[in-house]
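Shown next, in structure tokens, is the structure this report addresses.
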Amino acid sequence: MAIIALVSAKGSPGVTTAALAAALSWHRRLVLAECDPAGGSILAGYLGGALDGPRGIGELAVGELRDGSLEHTFWSQLVDLDAPRRERLLLPGVVDPAQAGSVIPLWQRFADYFTGLERGEPPYDVLVDCGRLAVGGPPWPLLRAATVVLLVTRATLPDLSATRATARAIERDLTEHRVPPGTLRLLVVGDGHGTSEISKALRLPVIARLPHDPRTAEVLAHGGTVRANRPLMRAAGALEVPVRALLDRRRARLAWPGATTPRAVTAPSVPGVSGAV
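Quick note, the sequence shown lines up with residues 5 to 281 if you use the numbering used here.
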């Protein structure tokens, strides 16, 4: 399925919560990459900081800038969220603001590498938490490389107003970079205005709606037992269906002859230790 990017306009509409819930419910092999330049939160929150040493996109960026080692070190920087199956993997985000300076210049490099994971052996989808666009050094190359971009918004008027402007900015950027139309969709979180009303006002289709479920959101933010029968987890698990259907329709409609096939990326065959791949 290649890259599915989640992004928001501003505030905290639940991008990371939605991304983590979807990752824990995904049915295909998946890498969840925290690419919010403002910093990642899953390592310290959901995982409780229980890792042996630094790990994540910041470490990858430092190594890539130093000696071009991304291909050699990528898999060692991942955390197995469902150990030891290696089917749901996390690339933690930056934990030190100083790391952002190393990561931001490499967004295109990461976008190219993530694209190749779909054709790897075994293949992996990549779910990218891009955070808010209203920060310094937003990961635009990842949005342009994504097969589907999900703009996450709450259903309240202030959030929708900010989301409208962000949607137009994303559409302009994708058009300027010749990204095929139909990439951008809305992912609505919580109660408020109706889905059809939101879609009409923002002139974008709503791909799904995630329910207000503070108990599950608390577990995803701070750790604990995730229960698959909770409303948020059921809705997040169902999100894969419309995303995959959208992808299939777009590929069938576009079917670009002569399109360049990204280089495949092969995962190491040896199992990891201490939750790492």
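Every residue, glycine too, gets a C-beta built ideally from N, C-alpha and C.
Look at V193 here: in three-state DSSP terms it is strand. Collapsing the DSSP output to three states places I61 in a helix. Under DSSP, S12 takes part in a beta bridge, and its partners are R136 and V156. About 5 Å separates the beta carbons of L190 and L208, which is inside the 8 Å limit, making them a contact pair.
Of all alpha-carbon atoms in L64, S29, A22 and V83, the one lying nearest the alpha-carbon of G52 is that of V83.
If you draw a straight line from the Cα of G124 to the Cα of L161, it is about 43 Å long. In the DSSP assignment, I174 falls within the alpha helix (DSSP H) that extends over L161 to E180. Within the segment 201 to 243, the complete alpha helix (DSSP H) runs of at least 4 residues fall at 218 to 226. For the 8 Å CB-CB criterion, G140 and P41 form a contact. Looking at the DSSP output, R92 sits in a beta bridge with L34. Per the coordinates, the alpha-carbon of R219 lies some 44 Å from the alpha-carbon of D71. According to the DSSP secondary-structure assignment, I7 is paired through a beta bridge with V130. Contact between the segment 184 to 203 and the segment 125 to 137 is not established, with fewer than three Cβ pairs separated by less than 8 Å. When the Cα atoms are used, G227 and A26 turn out to be separated by approximately 16 Å. Pairing T157 with V99, the inter-Cα distance amounts to about 25 Å. Between the beta-carbon of R92 and that of L28 there is about 6 Å, and that keeps the pair under the 8 Å contact cut. Residue pairing from DSSP places T270 in a beta bridge opposite E125. Among the bridge pairs identified by DSSP, L188 is matched with V153.
About 6 Å separates the beta carbons of E38 and L95, which is inside the 8 Å limit, making them a contact pair.
With a 10 Å radius around the Cβ and a threshold of 16 neighbouring Cβ atoms, S45 comes out buried.
Rounded to whole angstroms, the separation of the alpha carbons of A65 and V269 is 18 Å.
Residue state for L28 is assigned as helix, using DSSP reduced to three classes.
Sixteen is the threshold: since fewer than 16 other Cβ atoms of the shown chains lie within 10 Å of the Cβ of V245, the residue is exposed.
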